[in-house]
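Residue numbers (UniProt numbering): 1 to 1106.
Encoded structure:
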């Protein structure tokens, strides 16, 4: 044999998949071949696809030496996307002993690779698969699996007769490291050589023949079982399936809802030995809560009042069996002490929401994960507050902490408020919420959009445009958070058959609410003074009415540039003016509300306002300056309007802050030279006006002793109790001082058997008395009947069952109908219906028996009162009849909004019914992953794709014209909804490109939100510290990552970083580590890394055609 013969030189070629790939070498050899024998560790379709055209007319025998665990296929596919195709790590833990087991494992793994990889999403690959299938069917492709593991890899390419040189060159053998997979044939890191030497070829041929024998291998697909093998393949591979639309729908429902159907949870009844009922909807909420805590580290429980948020939370805590921290308003602490004892919540402690610093000191660095229950969590909506900053860090004290948020429905709150709540348990830049591509980015966009809407509302935008934009913002906000919210309305309980039948079986029903009706009282001789006072304090035209000057000094700045030069670093002058004007408007409204509430409340507020106005006058006269709070320190009127948090006492905090102004960190003292003297003139006008009002009302005994509102209430109470002594009465006021006054005043008018409650009265004894006298769920033997009337603030509207009462009287005009719903919710409880009808009354002023000429004046009084308290949207009220119906309409509208049917109620009902049909569920579960169908006559022409990352559902929608978008289950599941008899079809040619775009979006990397504002300024400071102090580099780099990529530092803490003293870099670094501990940064990074874990599976797709 001649050494320089070209055939011999070719035979000694090394193939490194760089200068030449194994694929190309095989293609060259196959051009003159008629059959191929392959012995490799692993063979799956991607390897066949790479050579399909060349193998189409060849007889192919493939011997597989290794097996993989079929359950690991999704992981293999995911790792292969990262150029890691080391299949050896995915072998079964125990070798498969039986021939049948080996055969089934290989078939399952092959199906898995086909259904879980992107291979066939390319039309070219489909053609290759057709070749693969045809060869299996005609017997020209045979596959066997060795009985024992074989790691060797070689390819025998048999030359056809013309190229074999009469047998001198039987073919080419390739041996080395390449499996028959795509990466094995073209990927880097592989090394093979090829030989055409006859003896070498025959040596490998003999080895192959030996391994192919029945004693060494078992048949996967050969002439004897090819039909059986292909039939199984066909039944499990998506390419051959066109499931029915209804089966696809049920499969989607199963994937979305089934993980909530956990068995073996401890129920409230079982935990408490029957103290609480086991209701199906509550058990489902417990399951859902546990499931969402596992997926999202937190959940918002926002059930309608009366449906048992606290019971659900307590049951979840007991089932999780974690050390538990409960943070609640002071008046609810006794209730939580009861719950933790009744439910046996391990290691639990109850803290006051006013004592977050104590919680921080105890749990800022915990070695074990904790469950944190936040009751009335809407008080933590302001990220700038110290409480929020500390609470956010407590929530990050361990990477596995879980957060249970209990609040009123969050959907209608401002986006920044909702974002603050969600940030307590989600890392926004790397969130585990999958209904959005980047939670931080989308929420920040929504916050900007909401700010713009608020500005547009002051610039004459049409009401219809405002309503449309507000609804779109609300809808987008629901999309962002729906996966972490558990909420059930009474409508849901009626719609979902399982819940409805369960309540019926346990004889549970809800009462009908009658009203609110006006309970009008006659002002009598006070009418003229009442009208005069109302006109004076509610006027907004700046004439002779209340101006509120002391609340808005920034409006009077006379030298804007000088002001900015001196204070620009601390203040945004435009925002400051807006904040102060809003505060002044609110104080005017508050004055009217206090006036309407009770004479005592009105006098108290007058005295406080007069006192603080005089304090401002002293600042001007004695110190030559005016105190101005920075914008971030100015109380948000919305915070002071939240009287359901306690007793509406916060209005005094606005004035009390000025008692300590010199010590206020958020205060600047503005020289009076920069402020127009009109400011102090207006302050003095307000003082004189308030003193004049006080004198008229409280210095004349003929007037100060008159209280027609309380007189009327006493008569009404007597009448109601005489008509039905068993129907107890709850009287609500938004203010503790009104409650205390009213309790004493009614007592003087002969009303007996009366109890009163404010947040200050919260105690175990008080709670026991209220329960025994007003809670119908207390066993009869333990009930008392010492009180018929309960006078209370909204501190009572949480945490109490009061359903032995059948009447609610709102002593103040309720400025917010949701407040009335919460109050009524105390007597309309799920666990026991006492009355068929519940009555709601609103106390309201009028004048009876007046001359016809006074009727319009009285009507004007009523309208002005409503407008001043409720807002400008009531300007359409023009007559007494409309006023009569106004509160009822508002209540019913709010109740309808509150009682909207949850988006999932209909679909859950379908799913619960489907679970009773074993055959249907089995068919739905047998649908291969990546199945796709066409559905006709739909409302939209789109492609919708459904996938999962770990246990989390992800949906994308696309059409040919717009970029695909990630959507929530609320948007996507209805698109899959189908009837039993709907026909499905094979997808069309235009489906593939749209589908591929939508599929790419499904698991796309998160886009980063824009770095601006505080985040940008904080990063700038951190970069400066890192450059100036080398030992801070790791800390600062990680913290920059937490801010930039993960957006997981609270706004208040960002502000602290921005304002940190940079003069002494060592002190700066020490202070920085106090603000953001090292452990906090580590935990955030750990959580963010965990968010990327989980198998990525593309489940189903539908092409919808209109």
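A virtual CB, placed ideally from N, CA and C, is assigned to each residue, including glycine.
Contact annotation: residue 950 and residue 956 have beta-carbon atoms that are not nearer than 9 Å. Per DSSP, the unbroken alpha helix (DSSP H) holding residue 996 starts and ends at 991–1002. Contact between residue 832 and residue 776 holds, with the beta-carbon distance rounding to 5 Å and staying under 8 Å. DSSP places residue 982 in the coil class of the three-state scheme, outside both helix and strand.
Here DSSP, grouped into helix, strand and coil, assigns residue 1077 to coil.
Counting along the chain, no alpha helix (DSSP H) covers residue 677, and no H or E run does either. Runs of the alpha helix (DSSP H) lying entirely within the segment 915–966 and spanning at least 4 residues, in chain order: 918–926. Between the alpha carbons of residue 169 and residue 34 lies a gap of roughly 14 Å.
Of the candidates 281, 519 and 558, 281 places its Cα closest to the Cα of residue 494. For residue 770, DSSP records no beta bridge to any residue.
Between the segment 1069–1082 and the segment 926–935, the count of C-beta pairs closer than 8 Å stays below three; the two stretches do not touch. Within the same chain, Cβ atoms closer than 7 Å to the Cβ of residue 449 are found at 473, the five residues on either side in sequence being excluded. Between the alpha carbons of residue 722 and residue 716 lies a distance of about 10 Å. Across the set 430, 332 and 349, the C-alpha of 349 shows the shortest separation from the C-alpha of residue 322.
Residue 669 is bridged by DSSP to 627. If you keep only unbroken alpha helix (DSSP H) runs of at least 4 residues inside the segment 32–116, you get 45–55, 73–81 and 99–116. In terms of Cβ geometry, residue 278 and residue 1004 do not form a close pair [threshold 9 Å]. For residue 272, there is no enclosing beta strand (DSSP E), since its DSSP letter is neither H nor E.
Residue 298 and residue 286 have their C-alpha atoms spaced approximately 13 Å apart. With the rule of 3 Cβ pairs closer than 8 Å, the segment 22–30 counts as touching the segment 151–158. In the three-state reduction of the DSSP assignment, residue 735 falls in the coil class, being assigned neither a helical nor a strand state. Rounded to whole angstroms, the separation of the alpha carbons of residue 735 and residue 813 is 12 Å. In this structure, the beta-carbon distance from residue 1072 to residue 1034 does not fall below 9 Å. Annotation for residue 319: 265, 266, 286 and 290 place their beta carbon closer than 7 Å to its own, counting only its chain and skipping 5 residues before and after. Pairing residue 1103 with residue 991 gives a Cβ-Cβ distance under 9 Å. With distances taken between CA atoms, residue 954 lies nearest to 253 out of 801, 253 and 141. In its chain, beyond the 5 residues on either side, 46, 47, 49 and 50 have a beta carbon closer than 8 Å to the beta carbon of residue 182. Counting along the chain, residue 522 sits inside the beta strand (DSSP E) bounded by residues 512–522. Beyond the five residues adjoining it in sequence on each side, residue 359 comes within less than 7 Å, by CB distance, of 325, 327, 351 and 394 in the same chain, given in chain order. For a cut-off of 8 Å, the C-beta gap from residue 840 to residue 824 is around 6 Å, short enough to register as a contact. Under the DSSP assignment, residue 1103 falls in the beta strand (DSSP E) whose first and last residues are 1096–1104. Its Cα nearest to that of residue 708, the residue 522 stands out among 522, 597, 530 and 75. The C-alpha of residue 501 lies about 21 Å from the C-alpha of residue 309. In this structure, 218 is the residue among 218, 19 and 128 with its C-alpha nearest to the C-alpha of residue 99.
DSSP, read as helix, strand or coil, puts residue 428 in helix.
The beta-carbon separation of residue 427 and residue 376, rounded to 24 Å, does not stay under the 8 Å limit for a contact.
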